[in-house]
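Residues in the sequence shown are numbered consecutively from 1, following the UniProt record's numbering.
Glycine included, each C-beta is placed from N, C-alpha and C at the ideal position.
Input: a single structure, listed below in structure tokens.
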Amino acid sequence: MATNSPNLECRMYEAKYPEVDQAVMIQVKSMADSGAYVALLEYNNIEGMILFSELSRRRIRSISSLIKVGRIEPVMVLRVDKEKGYIDLSKRRVSEEDISACEERYNKSKLVHSIMRHVAETMGIDLEDLYIHVGWPLYRKYGHAFEAFKLVVSDPDSILNSLTREIKEVGPDGKEVTKVAPALSEEVKDALVKNIRRRMTPQPLKIRADIEMKCFQFDGVLHIKEAMRKAEAAGNDDCPVKIKLVAPPAYVLNTQTLDKEQGIAILTKAIAACTEEIERHKGKLAVKEAPRAVSEREDKLLAEQMAKLGRENEEISGDEDSEEEEDTGMGEIDVENSGTGIRE
């Protein structure tokens with residue numbers, strides 16, 4: 001006997017369409033002659049379009065360097081035609097502040113959506129019905145359902161018991177009456193609480209600082225290596241410090257912590273220890289970016305930059321006929337292997 005499966009497709013927010021001048025997260029689906037077709041990930045993958053003229057403020061030399069099929073990124077909403085379903089978007093008009101805010105909202109919404117979808121699937125109920133009676137009311141009350149879910153971890157009853165739904169019933173007199181009932185059955189509520197508690201564990205923040213460090217004294221490489229060790233020694237079990245070479249003389253210090261202020265304080269202490277050690281040997285350290293929390297996008301961009309530089313270094317090192325050597329300011333060293341500290 002065939003059974004009807006629950007509908008597990010639904011937008012993340014109550015509004016069916018985004019607002020103009022709102023940053024939204026998209027995934028590029030296909031390319032056309034005049035632009036790219038994309039899916040709005042927060043709005044159940046409804047289609048939008050980015051014209052090539054809205055890709056960059058600069059002259060475009062290569063479309064593929066600016067947009068690729070499969071890429072996920074924030075863009076700005078220019079126009080929304082709700083009757084025809086047309087949504088025009090822009091990549092060039094989205095600011096760094098918009099990108100950061102959009103990424104933060106999307107990551108929270110994606111986690112909420114994952115929890116809601118899993119509960120709907122396992123309990124055999126429509127996802128939109130769960131959003132109508134639980135998700136969207138929590139968005140309205142708390143600004144974002146993510147904030148409500150954080151409270152559910154420790155006190156589910158005070159958050160979820162306040163949610164209700166209206167049920168229409170036929171009374172003894174044959175007339176239809178409306179009654180107010182709990183939004184969730186005990187079974188669905190238990191499943192939701194269990195999923196929230198399993199998924200809403202605190203996530204460590206990534207804290208990063210960017211520095212430049214040089215030492216042209218005899219054994220300068222060893223002095224830089226020791227300064228790096230001093231920096232890493234400033235960390236602790238809760239907030240370990242790692243320092244990595246980007247490209248001489250640029251380095252980054254990283255740590256992960258649940259406490260943002262603690263992470264910034266630890267990296268500040270690490271920079272001070274590193275500075276003291278390198279200056280003791282007449283070297284120099286300059287702080288290019290003070291310790292701060294970084295987004296996933298910034299972390300990804302750094303990883304891409306380091307990978308690119310690594311490939312370029314491999315290409316350069318393969319040129320054995322070159323008789324010239326570049327002075328790197330005693331910067332390109334391996335802090336882990338003391339016997340192989342200098343690249344030639």
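In this structure, L40 sits away from I72, with a CB-CB distance that is not shorter than 8 angstroms.
Its chain contains A209 and D210 as the residues whose beta carbon lies nearer than 7 angstroms to that of E289, once the 5 sequence neighbours on both sides are disregarded; these appear in chain order.
Under the three-pair Cβ rule at 8 angstroms, the region 24-39 does not count as touching the region 141-159. When Cβ pairs closer than 8 angstroms are counted between the two stretches, the region 104-124 is seen not to touch the region 45-64, the count staying below three.
DSSP places I125 in no alpha helix (DSSP H); its state is neither H nor E. In this structure, the beta-carbon distance from L205 to G283 does not fall below 8 angstroms.
Beta-bridge partners assigned by DSSP to D81: Y86. Collapsing the DSSP output to three states places Y142 in a helix. When rounded, the separation of the alpha-carbon atoms in L66 and S53 is 12 angstroms. Scanning P18, L89 and R297 for the CA closest to the CA of S56 turns up L89. Rounded to whole angstroms, A270 and R199 show a C-alpha spacing of 33 angstroms.
The C-alpha of P248 lies about 8 angstroms from the C-alpha of E212.
According to the DSSP secondary-structure assignment, G48 is paired through a beta bridge with V38. For a cut-off of 8 angstroms, the C-beta gap from A293 to K260 is around 6 angstroms, short enough to register as a contact.
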